[in-house]
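Q:
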Amino acid sequence: MAKLSMKERYAALTRDLDWDFDYVDSKEVFPYTTFEGIKIHDWSKWEDPFRLTVDSYFKYQAEKDRRLYAVLDSFAQSQGHLSLHEARYLNAMKLFLQGVTPLEYAAHRHFAFLARFLDSGGPRFAALCQSIDELRHAQTEIHTLSNYNKYYSGFHSWPKMHDRVWYLSVPKSFFDDAISSGPFEFLTAISFSFEYLLTNLLFVPFMSGASFNGDLPTMTFGFSAQSDESRHMTLGLESIRFLLEQDPDNVPIVQGWIDKWFWRSYRVTALVAGMMDYMLPRKVMSWKEAFELYFEEQMMGSLFKDLAYYGIRPPAHVGDAIAEKEHLSHQVYWTLYSFSFAAAFTTTVPDPAELEWLSQTYPESFDKLYRPRWERAAEITEGGGRFFFQGLPQLCQVCQIPMLFTEPGDPTTICQRHSNFNGENFDFCSDGCKSIFDKEPEKYIQAWLPVHQIFQGNCGGPSVPEVLDWYGIQEGDNAEYLGSKDNLNWLSWHDDSAK
Amino acid sequence: MPVKAISNYSFESRSRAELYGDDQLVNVWWVNAPMMCAAACFRAPREMAWSDFLAAMVYPWASSDPGFEASRASSWQVDGVGFSPDPSATLASLGVRHKSLVSFKS
Chain A
731 MAKLSMKERY AALTRDLDWD FDYVDSKEVF PYTTFEGIKI HDWSKWEDPF
781 RLTVDSYFKY QAEKDRRLYA VLDSFAQSQG HLSLHEARYL NAMKLFLQGV
831 TPLEYAAHRH FAFLARFLDS GGPRFAALCQ SIDELRHAQT EIHTLSNYNK
881 YYSGFHSWPK MHDRVWYLSV PKSFFDDAIS SGPFEFLTAI SFSFEYLLTN
931 LLFVPFMSGA SFNGDLPTMT FGFSAQSDES RHMTLGLESI RFLLEQDPDN
981 VPIVQGWIDK WFWRSYRVTA LVAGMMDYML PRKVMSWKEA FELYFEEQMM
1031 GSLFKDLAYY GIRPPAHVGD AIAEKEHLSH QVYWTLYSFS FAAAFTTTVP
1081 DPAELEWLSQ TYPESFDKLY RPRWERAAEI TEGGGRFFFQ GLPQLCQVCQ
1131 IPMLFTEPGD PTTICQRHSN FNGENFDFCS DGCKSIFDKE PEKYIQAWLP
1181 VHQIFQGNCG GPSVPEVLDW YGIQEGDNAE YLGSKDNLNW LSWHDDSAK
Chain B
1138 MPVKAISNYS FESRSRAELY GDDQLVNVWW VNAPMMCAAA CFRAPREMAW
1188 SDFLAAMVYP WASSDPGFEA SRASSWQVDG VGFSPDPSAT LASLGVRHKS
1238 LVSFKS
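The listed protein sequences derive, respectively, from chains A and B. Under this note's numbering, residues 731 to 1229 are what the first sequence spells out, in order. Under this note's numbering, residues 1138 to 1243 are what the second sequence spells out, in order.
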């Protein structure tokens, strides 16, 4: 038998194995691709963005895995964890493992669902590849970070924490929202709005942060995932292009989803903003710089100009996101500092060099608004105390973040928005979250808000220790970094090596 | 605009008033306090006296900031409307409802 060319093999493996259904109505086989109102006339117009066949896909991935696991082995054997810049850096990785890794797994599951339920062989194969990618990412992240679990707090119980802990309900509810929508909304939400628009803001800070702070395994994982991420971004763009070209009636539906999912995704990256500017002892770039480069320049300056051809405008409320870039990370990290008694990571007042960096990086806002808070917090610490918010916060019904964000144009006043639905009041952190609720209140009234669940008695008991126990948070995982188990261990390990 | 769904889509609120029995959730916002990153949320009996609500819930929370002085709390509002609460009046009689926003300045 003559050998097929690469192009023929590709077509054979991704399309020729597909068949039409003649004894079952195709609506029974693919029941989920019509209810959203999206009109698809010709599935064959889907351009496979991956251009990979299964055999070459597995070959590449196996090679990347071999490299990663070689690094992990040598790291473990050489006590690599001692060569981190500082143990405090690992707080960023705890947040990553608790918040992001479970999303990789959730993405794996839902892309597997799409690999079964999209109507055509091309997009099903694309979804299959991404499903396998996401599973590989979840596994390799777990393996990479499990090296730290032996020596540091906060790396255990993360699947349980993801399902239960207040700040992790932010990424969890975000993804649950996407998974519980239809297949085309999911693609717009995750592949386009999250992966294409914002993935660089999520991935680059964590992976560059790893590289700057001596975390070789995580950096290697980042390289291993990078080529997959660029394929995922391509899928995101292809999904949007395909939907927009299939029928003009799809345009307003897709625009509505872009409006919604830009804001949902952007709010999740608030945690990344706080991480970047405060959790990395050695800074990569500021949140503001990253936002300007990866979002304002690359997306607003380029992508949305191209999408105007299809009648797509930039997402609603994007101006609010741009306007708060001077404030976002400070407000978020101050909140994490205030509540870290209930978190599976530790926080501390930035040291003088960091305060100086923050001041220079945020000349418009830091010295005037945020430095005074840190000075007060430092005074309280010097007096033998530790500033914590001794209560539970009001949460946004949509993004589930404590309502910490300020009014557009007034960074001294907390933004409070409300809607009434069926006689009940609901609260929101922003116009973006309120408008999402107002369009689909029936969905968001079901939100599992951690604070309300604690008050309903569903989280282990009414006291803080009972809730922490139910969260899976143990002594040493939480609260202040200075004097914590990780801090003391780190000092003693390095003291010994100096002797 | 209803949710687009594959079947009838109707669910109850996961924070509806009846889930809290004789109590309700009350949000309290100390408006001009930069140390307090957000308003606080409390579960309080509808029939709790205003003075008890302050003493048992609001003041201990506001004391997170060691500079808090109860005597300087003023400009009280419920859901954006100013009021001068009688200390012995109950939350319900003062118009504080489930998930109301009580705010003050100091």
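No residue lacks a Cβ here, since even glycine has one placed at the ideal position from N, Cα and C.
With a threshold of 7 Å between beta-carbons, can R1151(B) be considered close to chain A, or not?
A: Counted from its first residue, the second sequence places residue 1151(B) at position 14. Chain A, which has a Cβ nearer than 7 Å to the Cβ of R1151(B), makes this yes.
Q: Any beta-carbon of chain B closer than 7 Å to the one on S1181(A)?
A: Taking the first sequence and counting its residues from 1, one reaches residue 1181(A) at position 451. Note on identity: in this sequence residue 1181(A) is Val, with Ser being the wrong assignment. Chain B contact via Cβ: present.
Q: Within the same chain, show all residues whose beta-carbon is closer than 6 Å to that of H1057(A), passing over the 5 residues directly before and after it, in chain order.
A: On the first sequence, position 327 is the one that residue 1057(A) refers to. For H1057(A), where only same-chain residues beyond five positions count, the Cβ hits under 6 Å are S1095, P1141.
Q: Would you kindly work out how many angstroms separate the C-alpha atoms of Y1236(A) and P1171(B), rounded to a whole number?
A: The question about residue 1236(A) has no answer here: the residues shown for chain A are numbered 731 through 1229.
Q: So with CB distances below 9 Å, who are the chain B contacts of F1118(A)?
A: Residue 1118(A) sits at position 388 when you count from the first residue of the first sequence. Within chain B, the residues near F1118(A) are S1201.
Q: For F1158(A), write down the residues that DSSP places opposite it in a beta bridge.
A: Indexing the first sequence from 1 puts residue 1158(A) at position 428. Note: F1158(A) sits in a beta bridge opposite R1147(A).
Q: Could you tell me whether the Cβ of A1175(B) comes closer than 7 Å to any Cβ of chain C?
A: Looking at the structure shown, chain C is missing, and the protein chains on hand are A and B.
Q: Is the region 943 to 962 of chain A in contact with the region 810 to 825 of chain A, if contact means three or more CB pairs nearer than 8 Å?
A: yes
Q: Under a Cβ-count criterion, where at least 16 other Cβ atoms within 10 Å of its own Cβ denotes burial, should P853(A) be classed as buried or exposed?
A: Position 123 of the first sequence, counted from the first residue, corresponds to residue 853(A). The residue in question, P853(A), is buried, as its Cβ has 16 or more Cβ neighbours within 10 Å.
Q: Since F1117(A) and A1107(A) should fall inside the 8 Å C-beta cutoff, what is the C-beta to C-beta distance between them, to a whole number of angstroms?
A: Looking up residue 1117(A) in the first sequence gives position 387. Looking up residue 1107(A) in the first sequence gives position 377. 5 Å between Cβ atoms; contact.
Q: Which residues does DSSP list as the beta-bridge partners of G1115(A)?
A: In the first sequence, the residue the question calls residue 1115(A) occupies position 385. Answer is none; G1115(A) lacks a bridge partner.
Q: Does N879(A) come out as helix, strand or coil in the three-state DSSP assignment?
A: Translated into the one-based positions of the first sequence, residue 879(A) becomes position 149. Three-state DSSP puts N879(A) in a helix.
Q: Can you name the residues that DSSP bridges to N1164(B)?
A: Sequence index remark: in the second sequence, residue 1164(B) carries index 27 (1-based). Answer by DSSP bridge pairing, in chain order: C1178(B), L1238(B).
Q: Given this structure, state the Cα-to-Cα distance separating F914(A) from K737(A), to the nearest angstrom.
A: Your numbering for residue 914(A) matches position 184 in the first sequence. Your numbering for residue 737(A) matches position 7 in the first sequence. Distance between the alpha carbons of F914(A) and K737(A) is about 28 Å.
Q: Please list the residues of the region 1208 to 1229 of chain B that have a C-beta atom closer than 9 Å to any C-beta atom in chain A, keeping them in chain order.
A: D1216, G1217
Q: Identify the residues that DSSP records as bridge partners of Q985(A): which are they?
A: For the purposes of this step, residue 985(A) is identified with residue 255 of the first sequence, where counting begins at 1. Its beta-bridge partners do not exist; DSSP assigns none.
Q: Since P889(A) meets chain B, which of its residues come closer than 8 Å, beta carbon to beta carbon?
A: The residue given as residue 889(A) occupies position 159 in the first sequence. Within 8 Å Cβ-Cβ: nothing; P889(A) doesn't reach chain B, min ~22 Å.
Q: Exposed or buried, P1139(B), counting other C-beta atoms within 10 Å across all chains shown (16 or more means buried)?
A: Position 2 of the second sequence, counted from the first residue, corresponds to residue 1139(B). Exposed: under 16 other Cβ atoms inside 10 Å.
Q: Could you give the C-beta distance for A1142(B) and Q1124(A), rounded to a whole number, given that I count them as a contact under 8 Å?
A: Here residue 1142(B) is taken as the residue at index 5 of the second sequence, counted from 1. Here residue 1124(A) is taken as the residue at index 394 of the first sequence, counted from 1. The pair is not a contact, with the Cβ atoms about 29 Å apart (cut-off 8 Å).
Q: Taking its Cβ as the centre, do 16 or more other Cβ atoms sit within 10 Å of S1193(A), making it buried, or is it exposed?
A: As a first step, residue 1193(A) must be located in the first sequence, where it is residue number 463. With fewer than 16 other Cβ atoms within 10 Å, it is exposed.
Q: Among F1241(B), S1230(B), L1191(B), which one has its Cα closest to the Cα of W1213(B)?
A: Here residue 1213(B) corresponds to residue number 76 of the second sequence, with the count starting at 1. Answer by Cα proximity: F1241(B).
Q: Going by DSSP in three states, E1137(A) sits in which element: helix, strand or coil?
A: Stepping through the first sequence from its first residue, residue 1137(A) is reached at position 407. E1137(A): strand per DSSP, three-state reduction.
Q: Counting only Cβ pairs nearer than 7 Å, list the residues of chain B close to A1177(A).
A: Here residue 1177(A) is taken as the residue at index 447 of the first sequence, counted from 1. Chain B residues near A1177(A): R1151.
Q: In the DSSP assignment, what residue or residues form a beta bridge with P1132(A)?
A: Your numbering for residue 1132(A) matches position 402 in the first sequence. Bridge partners of P1132(A): L1125(A).
Q: Short check: CB of Q1061(A) to CB of L1134(A), under 7 Å?
A: The sequence position of residue 1061(A) within the first sequence is 331, counting from 1. The sequence position of residue 1134(A) within the first sequence is 404, counting from 1. Yes, these two residues count as a Cβ contact at 7 Å.
Q: What runs of the alpha helix (DSSP H), each 4 residues or longer, lie entirely inside the region 887 to 918 of chain A?
A: The qualifying runs are 888 to 894, 899 to 909, 913 to 916.
Q: Take W1064(A) as the anchor and find which of A868(A), F933(A), S1165(A), P1102(A) has the nearest alpha-carbon.
A: Taking the first residue of the first sequence as position 1, residue 1064(A) is located at position 334. Looking at the Cα atoms, P1102(A) is the closest of the given residues.
Q: Step through the CB atoms of chain B and report whether any lies within less than 7 Å of the CB of M1133(A).
A: Position 403 of the first sequence holds residue 1133(A). So, interface residue.
Q: Are T831(A) and L928(A) closer than 7 Å when you measure CB to CB?
A: The residue given as residue 831(A) occupies position 101 in the first sequence. The residue given as residue 928(A) occupies position 198 in the first sequence. No, the Cβ-Cβ distance between T831(A) and L928(A) is not below 7 Å.
Q: May I ask you to list the residues that DSSP assigns as paired with T1077(A)?
A: Within the first sequence, numbered from 1, the residue matching residue 1077(A) stands at position 347. BP columns for T1077(A) point to E1210(A).
Q: If you reduce the DSSP assignment to three classes, tell me which class Q791(A) lands in.
A: Looking up residue 791(A) in the first sequence gives position 61. Helix.
Q: Can you list, in chain order, the residues of its chain whose CB lies under 6 Å from that of G1158(B), leaving out five sequence neighbours each side?
A: Taking the first residue of the second sequence as position 1, residue 1158(B) is located at position 21. Result list for G1158(B): empty, nothing under 6 Å.
Q: Name the chain A residues whose beta carbon is nearer than 8 Å to that of F1148(B)?
A: Indexing the second sequence from 1 puts residue 1148(B) at position 11. Under the 8 Å cutoff, chain A gives E1172, I1175, Q1176.
Q: At a Cβ cut of 8 Å, what residues of the region 737 to 769 of chain A count as close to chain B, listed as they run along the chain?
A: P761, Y762, F765, E766, G767
Q: Counting contacts by CB-CB distance shorter than 7 Å, is V1140(B) in contact with chain A?
A: Looking up residue 1140(B) in the second sequence gives position 3. Yes, contact with chain A.
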